[in-house]
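Each residue of the sequence shown is one higher than the one before, starting from 17 at the first, in my numbering.
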Amino acid sequence: MFTEIRDITDSNKQEILGLHIADEQEGFIETVVQCLNEAKEDSRFIPVGLYKENVPIGFAMYGPFQYPDGMRVWLDRFFIDEHYQGKGYGRYYFKLLISFLANKYSCERIYLSVYENNLVAIKMYEKFGFKFNGELEVQGEKVMVLNLKNMQW
């Protein structure tokens, strides 16, 4: 299976805009349009398409952000299109993204945030070794962090 993480450009933007989450996931993550607009306003956000055999099946957005305690690498958005969910792609691409970010930034930790009622996502994040660190994002999401030295996979 040929898979890759691709930058979003003018040539693939329309196919990425065609990706959607399942109805029951509404409210847990912004739409692709909202994410791309946010990335346009803040260049620290890097949106990418997740591809299998040249077909977009998911979306992610990441970026490095400066904090008082140093640089933090955030996996800010992640989803698999509703038509490809339940087939193991979420776990596969999540692992691929973590490895990609660890290599790209040579970082010790990766951060993400999640609404506490998004139990499916929390369960997956915990399986990869993410733990809540007690912080809250402005939107009310709880922050989770993965210490790459303690990866469980």
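Just so it is clear, CB atoms sit at the ideal spot from N, CA and C, and this is done for glycine as well.
I138 sits in a helix when the DSSP states are folded into three classes.
The straight-line gap separating the alpha-carbon atoms of L91 and Q30 is approximately 23 Å. Residue burial annotation: V89 is buried, with at least 16 other C-beta atoms found within 10 angstroms of its C-beta. For F146, the three-state secondary structure derived from DSSP is coil.
With contacts defined as CB atoms closer than 8 Å, I21 and F75 fail to qualify as a contacting pair.
Sixteen is the threshold: when 16 or more other Cβ atoms of the shown chains lie within 10 Å of the Cβ of R93, as they do, the residue is buried. Under the three-state reduction of DSSP, A55 is assigned to helix.
Cβ-Cβ distances below 6 Å link V161 to R125, Y127 and N149 in the same chain, with the five nearest sequence neighbours on each side left out; the list follows chain order. By the 16-neighbour rule on beta-carbons within 10 angstroms, F81 is exposed. For Q82, the enclosing beta strand (DSSP E) starts and ends at V71 to Y83. Taking F146 as the centre and dropping the five residues before and after it, the same chain places the C-beta of M160 and L162 closer than 6 Å to its C-beta, in chain order. Using a 10 angstroms sphere on the CB of L66, the tally of other CB atoms reaches 16 or more, which defines it as buried. Per the coordinates, the alpha-carbon of P72 lies some 8 Å from the alpha-carbon of D97.
Around the C-beta of G106, 16 or more other C-beta atoms lie within 10 Å, and the residue is accordingly described as buried.
Annotated three-state conformation of K158 is strand, per DSSP. Rounded to whole angstroms, the gap between the alpha carbons of P63 and M77 is 4 Å.
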